[in-house]
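Asker: Quick note on our numbering: the sequence shown kicks off at 37 and runs consecutively.
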Amino acid sequence: MTDPIVVIETDKGTIKIQVHQTEAPITSNNFLDLVSKGFYNGLIFHRYEPGFCIQGGCPTGSGTGGYTDPETKQKRNIKLEVKSHLKHDSLGVVAMARSNDKDSASSQFYITLGPANFLDMQYAVFGKVIEGDAVVQQLRKGDKMNKVSVMETANK
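1) Taking 7 Å as the cut-off, does the CB of Asp47 come closer than this to any heavy atom belonging to the ligand GDP?
2) According to the neighbour-count rule (16 or more other Cβ atoms, all chains shown, within 10 Å of its Cβ), is Pro40 buried or exposed?
3) Considering only the beta carbon of each residue, do Ile114 and Ile166 sit closer than 8 Å?
4) List the whole-angstrom C-beta distance separating Ala131 from Tyr159, where the pair is believed to meet the contact cut-off of C-beta under 8 Å.
5) Between Gly92, Leu116, Val161, which has its C-alpha nearest Leu122's C-alpha?
6) Which value, in whole angstroms, describes the spacing of the CA atoms of Asn182 and Asp125?
Written as structure tokens, this is what we have:
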């Protein structure tokens, strides 16, 4: 299996993320499902911490919301999925945000702006920016994800 690439289009440019579906299937499949539903389209990055991270994926824009299935009205949370070799070791690491409950990740994710090793084994790393590092560094609170999609690959 080739791990998919997700494209995030913003007003500041495009970011491409290699999703570690093989290494982090629970977290990756949750993210890819939300991308396929168009959930992230139009949402903002609601948190910017200089030198640390940019965070988005909250449907309310407040940092307190997550995904609720529109048909069942059930909130979706996923089990924490960590691997010792998936580290917060550089700019562009993509991981799931969560509350104090380790199994509370839903739709919010963050992209690191530098190493954040203190988060290793605490938050589920599920991707890496492979193109658009400069765009990630320009993003700020309030910037919008205009369109988020899975890049079609020629070898499907």
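Where a beta carbon is used, it is the ideal one built from N, C-alpha and C, also for glycine. Here the structure is a predicted model, which is why all the values come from computation and not from measurement.
Answerer: To lay it out plainly:
1) For the ligand GDP, the structure offers nothing, since it holds no ligand at all.
2) buried
3) no
4) 5 Å
5) Val161
6) 28 Å
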